[in-house]
Each structure stands twice: as C-alpha cells, then as structure tokens.
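Everything below concerns the one structure shown next.
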Amino acid sequence: MMVMELVLRPATEGDRDTAHRLLTAQLVEHRLPADPDGVARGIDLALAPHSPAWLWLGQREGRTAAIFLANEVVSVERGGLVLWVEELYVVPEARRSGIARALLARVCQHARQRSVRAIELEVVPTQQAALALYRALEFEQVHRTRMSLSL
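Here it is in structure tokens:
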C-alpha cells in the first residue's frame, strides 16, 4: 500500500506528548537508553525559538505515523549548511507504506530551499530496510568512525 497523502508539519508545543512517545519508541526499538527526562529536554531544545532543529511529524489519515528530528550544522567540508538527521521513526504499523520515502522527499525539498548542501545520517547496520531506502534515494556510505564523549 502506498501513501496517498502524507501531511508533514513542524511539531508544536501541543505535540510534546506525541513527540515524546515516538522518540522514546525509537530509542527502545534500537535498545538505546530511553531516559524520559532526556527525551523531554531534547524536545524542549528542538521547540525553542531559533533552534537549528527540525522536529516534524508525519501524519496520514489524521494519525501521527512518523517523526523526524534533524539539526542544521555548519560544515567547512561541505562549504555551508548540512542537515544532520538524528531520528527518523515510522510507527511499526505504518512501515513499508512509503511514508519514510515521502517524508525524505519533502525534507530534501525544504533543505534545498534553505540552501542546505547535504543531508547526513547514520544507520544501525541491522536496519536493512532503512539502508535499502537510503541507498535507493542515492545516499552514499561515508567511511568514517563515529565517536562520542558523554559530558
């Protein structure tokens, strides 16, 4: 079944509970720490005025089926803005229906309008469907090692 119409819109203050539920589900599904306070702080930062974050909800048939969280960052390597995708989550019952593809098409369109030079993301190797989607959309694998330092 293909998506007939995807409504993609920025999240608002009234979407906090929905955003929290979906972002927590994403973390749990990937077996990552799902600290409720940490998720809430992330949502606060994303919704703050002048935030570089894009926190969007994808709705189909009046129900929220996806959430997208990304941040604009300055890249010397790319010579301008890059959009770093932090989360793209589609609820299990809506997967394989074209929602992620439609959402990414709209994200790309909006990014081009904002003169974003590239969209970058990471994928857990076990997420074969996501890898296949990104490859089909012409994302290229970047051979780097991601590292993190908790503060």
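To convert, take the position in the sequence shown, counting from 1, and add 53; that gives my numbering.
Beta carbons: idealized from backbone N, C-alpha and C, even for Gly.
Just so you know, these numbers come straight off a predicted model, no measurement behind them.
Next on the checklist: Within 10 Å of its beta-carbon, does arginine 113 have 16 or more other beta-carbons around it, so buried, or fewer, so exposed?
Outcome noted: The residue given as residue 113 occupies position 60 in the sequence shown. By the neighbour-count criterion, in which a residue is buried when 16 or more other Cβ atoms sit within 10 angstroms of its Cβ, arginine 113 is buried.
Item to check | Which listed residue (Val169, Val176 and Met200) has its alpha carbon closest to that of leucine 193 | outcome: The residue given as residue 193 occupies position 140 in the sequence shown. This sequence places glutamate at residue 193; leucine is not what is there. Out of Val169, Val176 and Met200, Val176 has the C-alpha closest to the C-alpha of glutamate 193.
Checklist entry - By Cβ distance below 6 Å, which residues in the same chain neighbour tryptophan 109 in space, the five residues on each side in sequence not counted? => result Locating residue 109 in the sequence shown gives position 56, where the first residue counts as 1. Within the same chain, Leu61, Pro63 and Phe121 come within 6 Å of tryptophan 109 by CB-CB distance, once the 5 residues on both sides are set aside.
Checklist entry - If we call anything under 9 Å between Cβ atoms a contact, is leucine 186 one with leucine 59? => result The sequence position of residue 186 within the sequence shown is 133, counting from 1. The sequence position of residue 59 within the sequence shown is 6, counting from 1. Taking 9 Å as the cut-off, the Cβ atoms of leucine 186 and leucine 59 do not count as close.
Item to check | Residues near serine 168 by beta carbon distance below 7 Å, same chain, minus five either side | outcome: Start at 1 with the first residue of the sequence shown, and residue 168 comes out as number 115. The answer, listed in chain order, is Gly133 and Leu134.
Next on the checklist: I'd like to know whether the C-beta atoms of glutamate 125 and leucine 141 end up nearer to each other than 9 Å.
Outcome noted: On the sequence shown, residue 125 is found 72 positions in, with the first residue counted as 1. On the sequence shown, residue 141 is found 88 positions in, with the first residue counted as 1. Taking 9 Å as the Cβ cut-off, glutamate 125 and leucine 141 do not qualify as a contacting pair.
Item to check | When Gln166, Ala87, Thr65 and Val81 are compared against glycine 111, the one with the closest alpha-carbon | outcome: As a first step, residue 111 must be located in the sequence shown, where it is residue number 58. Closest option to glycine 111, Cα to Cα, is Thr65.
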